[in-house]
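So the number in our numbering is just where the residue sits in the sequence shown, counting from 1, plus 181. This report concerns only the one structure given below.
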Amino acid sequence: MGWNSWNQFGCNINESLIRETADAMVARGLHAAGYEYVVIDDCWQAQARDSNGDLQPDPLRFPGGIKALADYVHDRGLKFGIYTSVGNVTCQGKPGSRDHELQDANLFASWGVDYVKDDFCNRPDGWWPFTWWPWWDYKPHYAAMSDGLRKSERPIVLGLCNWGWNRVWKWGSSIAETWRTTMDIHPRWGSIMHILDRQIGKERYAGPGHWNDPDMLEVGVPPLTEVESRAHFSLWTILAAPLIAGNDLRKMSDSIQRILTASEVIAIDQDPAGRQGTLVSNDNGLQVWARHLGKTRSGETAIVLLNRRASTETITAHWSEIGLDAGPARVRNLWDRIDLGFFIGEFSALVPPHGVVMVKISQ
Numbered sequence: 182m183g184w185n186s187w188n189q190f191g192c193n194i195n196e197s198l199i200r201e202t203a204d205a206m207v208a209r210g211l212h213a214a215g216y217e218y219v220v221i222d223d224c225w226q227a228q229a230r231d232s233n234g235d236l237q238p239d240p241l242r243f244p245g246g247i248k249a250l251a252d253y254v255h256d257r258g259l260k261f262g263i264y265t266s267v268g269n270v271t272c273q274g275k276p277g278s279r280d281h282e283l284q285d286a287n288l289f290a291s292w293g294v295d296y297v298k299d300d301f302c303n304r305p306d307g308w309w310p311f312t313w314w315p316w317w318d319y320k321p322h323y324a325a326m327s328d329g330l331r332k333s334e335r336p337i338v339l340g341l342c343n344w345g346w347n348r349v350w351k352w353g354s355s356i357a358e359t360w361r362t363t364m365d366i367h368p369r370w371g372s373i374m375h376i377l378d379r380q381i382g383k384e385r386y387a388g389p390g391h392w393n394d395p396d397m398l399e400v401g402v403p404p405l406t407e408v409e410s411r412a413h414f415s416l417w418t419i420l421a422a423p424l425i426a427g428n429d430l431r432k433m434s435d436s437i438q439r440i441l442t443a444s445e446v447i448a449i450d451q452d453p454a455g456r457q458g459t460l461v462s463n464d465n466g467l468q469v470w471a472r473h474l475g476k477t478r479s480g481e482t483a484i485v486l487l488n489r490r491a492s493t494e495t496i497t498a499h500w501s502e503i504g505l506d507a508g509p510a511r512v513r514n515l516w517d518r519i520d521l522g523f524f525i526g527e528f529s530a531l532v533p534p535h536g537v538v539m540v541k542i543s544q
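As structure tokens, then:
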């Protein structure tokens, strides 16, 4: 759980923004809710490495240096993350880590980095950032970064961002803690649904310490609506996804803050069993997603009733579809934090367009 600069700010970043975001993460209750990592994405780097071949920060954007910025984040009880790319340059044309993996890993560790996002730009000759490379074996470069981080004697999380290329979910766990399963997310309903659909069938590759990553959250990033933001957040928790906020924490509305800090919903994401949820029924866009909770069969299941249509609809979850006994079960609404009572065999609710109802079922 954490925050990344890209979705809201892109390249418009500087050390003041990162410091203010770290302060806001604490002041607005996100840190208390479980958010830890403050991650700088692309564009923190100077245009060239220094005379020793080390990466260096852009002197105008980050005049105080990365080590001092990491210290500031750490002083607030948070962790610090940084960005690089497996290619020779990043997606925005800054120096990448290709053939500098060990050097960069040691540098990151010396700065106090706790998380590294390793992106998938650029092709080896640097000619075009978004060219696919079926002829270039990039996996050894990801592995080299992983080895360098592990040898640095600092615990650093590695997140692969190779856009789901080459079925990364089948091999990513040998290299990293997380791996992106798709191309980039955008703050549009269609983008979120497109990415959601591509998580189906990948649940068997996720678990404690190794996670499918459907990309960062667009909660609170325009033009996504509040209803859509709540649905997006609910679905990512059912997917056991990393919860990496991407909005402007300094200026977010109280309603967006409530979404990002909803304790009972976050508890589903952070369930220690780490099971990724699955789609259990789909009636032309009226969907039920379910996630069994607990390390043993605890009798608790979280479900999301998702309405992908343009009108309010009734959606029903049947116990038989989600692997529960036919008998009575207690149902609790996780967003409203109220018990709805006991239901036998099924639960139904009215769901707004592009919205969800999220409940926990206990037998």
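Where a beta carbon is used, it is the ideal one built from N, C-alpha and C, also for glycine.
Own chain partners of residue i with C-beta closer than 8 Å, once the 5 adjacent residues on each side are dropped
i      : result
Glu143 : Only positions 182 to 544 of the chain appear in the structure, and residue 143 is not among them; the question remains open.
Ser462 : Gln468, Val469, Ala498, His499, Glu502
Thr493 : Leu531, Val532, Pro533, Pro534
Ile381 : Thr459, Leu460
Close beta carbons around residue i, own chain, < 6 Å, minus the five adjacent residues each side
i      : result
Phe190 : none
Ser529 : Thr495, Thr497
Ser354 : His391
Val512 : Leu521, Phe524, Phe528, Val540, Ile542
Glu384 : Gln457, Thr459
Arg335 : Ala290
Ala213 : none
Gly210 : Thr442
Residues near residue i by beta carbon distance below 7 Å, same chain, minus five either side
i      : result
Val485 : Ser415, Leu416, Ile419, Trp470, Val537, Met539
Asp396 : Arg361, Thr363, Asp365, Ile366, Ile376
Asp231 : Gln237
Ala454 : Leu474, Gly475, Lys476
Gly245 : Glu196
Ala412 : Leu487, His535, Gly536, Val537
Residue range of the unbroken beta strand (DSSP E) whose run includes residue i
i      : result
Glu409 : Not the beta strand (DSSP E): Glu409 falls in the alpha helix (DSSP H), residues 407-419.
Glu494 : 494-499
Tyr190 : The sequence given here has Phe at residue 190, not Tyr. Counting along the chain, Phe190 falls outside any beta strand (DSSP E), though it belongs to the alpha helix (DSSP H) covering 187-190.
Trp360 : 359-361
Ala483 : 481-488
Asp231 : From DSSP, Asp231 is part of no beta strand (DSSP E); its letter is neither H nor E.
Gly371 : Careful: Gly371 lies outside any beta strand (DSSP E), inside the alpha helix (DSSP H) at 370-378.
Residue i Cβ short of 6 Å to the ligand MN heavy atom set
i      : result
Lys432 : Of ligands this structure carries none, so the ligand MN is not represented either.
Reference residue i, options the options, closest by Cα
i      : options                        : result
Gly183 : Leu505, Glu407, Leu531, Val338 : Val338
Gly277 : Leu441, Met326, Trp500, Ala290 : Met326
Arg489 : Trp352, Ala208, Leu531         : Leu531
Ser235 : Pro244, Asn188, Asp252, Ser291 : The identity of residue 235 in the sequence shown is Asp, whereas the question assumes Ser. That would be Ser291, whose Cα lies nearest to the Cα of Asp235.
Arg331 : Glu282, Cys342, Arg379, Val349 : Glu282
Asn446 : Asn465, Arg431, Leu424, Leu430 : Note on residue identity: the sequence assigns Val, not Asn, to residue 446. The shortest Cα separation from Val446 among Asn465, Arg431, Leu424, Leu430 belongs to Leu424.
Ile263 : Asp318, Ile194, Leu241         : Ile194
Gly388 : Lys432, Cys342, Asp450         : Asp450
His255 : Val267, Asp378, Ile437, Val219 : Val219
Ser444 : Leu288, Asp204, Leu515         : Leu515
Arg379 : Trp346, Trp352, Asp318         : Trp346
Arg439 : Pro404, Gly427, Gly466, Val400 : Val400
Limits of the unbroken alpha helix (DSSP H) element including residue i
i      : result
Thr202 : 196-208
Arg331 : 320-332
Trp352 : No alpha helix (DSSP H) holds Trp352; DSSP gives it neither H nor E.
Gly293 : Looking at the DSSP string, Gly293 is not in any alpha helix (DSSP H), and its letter there is neither H nor E.
Asp256 : 247-256
Val220 : Unbroken run through Val220 is the beta strand (DSSP E), 218-220; no alpha helix (DSSP H).
DSSP beta-bridge partners of residue i
i      : result
Pro238 : Gln226
Asn514 : Ile519, Val540
Thr459 : Ala471
Phe524 : Ala510
Ala530 : Ile496
Ser266 : Asp300
Asn393 : Trp360
Asp464 : Leu467
Tyr386 : Per DSSP, none; premise fails for Tyr386.
Local Cβ density within 10 Å of residue i, reported as buried at 16 or more and exposed below that
i      : result
Asp222 : buried
Gln228 : exposed
Ala286 : buried
Ala251 : buried
Gly329 : buried
Gly340 : buried
Gly293 : buried
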